[in-house]
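*Asks:* Position 73 of the sequence shown, counted from 1, bears residue number 73 in the UniProt record's numbering, the numbering being contiguous throughout.
Mind having a look at this structure? Questions to follow.
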Amino acid sequence: MTEKELRALIADAADTVVSDQFTETQIQTRLAQWQKAAPTASLAEATTYILAENRAYTEELLAQVLAKLTITSPR
1 MTEKELRALI ADAADTVVSD QFTETQIQTR LAQWQKAAPT ASLAEATTYI LAENRAYTEE
61 LLAQVLAKLT ITSPR
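Here you go:
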């Protein structure tokens, strides 16, 4: 796989992850739930929440890319 193909694969996977799990509405819903559970959250706690959201996105993106690479790579 060329670098250009890999970048295209990553871009496609990123689009899929965002449209499936990270739409504006989905993010707003999760944030509202978190804010309800932690109404007096500190900056550190808010940062931790944001990092957790980022981690969930990153893990899903990597899982999709690696799954596609595993399926398409010759053994």
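The beta-carbon is built from N, C-alpha and C at its ideal position, and this holds for glycine as well.
For Ala-14, which residues in the same chain have their Cβ closer than 8 Å to its Cβ, ignoring the five residues on either side in sequence?
*Replies:* Looking up residue 14 in the sequence shown gives position 14. Leu-61, listed in sequence order.
*Asks:* Mapping DSSP to helix, strand and coil, what is Gln-19?
*Replies:* Within the sequence shown, residue 19 is the residue found at index 19, counting from 1. This sequence places Ser at residue 19; Gln is not what is there. Residue state, collapsed to three classes: helix.
*Asks:* Can you check which of these residues, Arg-30, Lys-68, Thr-70, Lys-4, is closest to Asn-54 by C-alpha distance?
*Replies:* The residue labelled residue 54 in the question sits at position 54 within the sequence shown. For the options Arg-30, Lys-68, Thr-70, Lys-4, the alpha carbon positioned closest to that of Asn-54 is the one of Arg-30.
*Asks:* If you drop the 5 nearest sequence neighbours on each side, which residues of the same chain put their C-beta closer than 7 Å to that of Val-17?
*Replies:* In the sequence shown, the residue the question calls residue 17 occupies position 17. Cβ within range, chain order: Tyr-57, Glu-60, Leu-61, Gln-64.
*Asks:* What span of residues does the alpha helix (DSSP H) with Thr-29 cover, start to end?
*Replies:* To locate residue 29, count along the sequence shown from 1; it is residue 29. Where Thr-29 is concerned, the enclosing alpha helix (DSSP H) stretches over 24-37.
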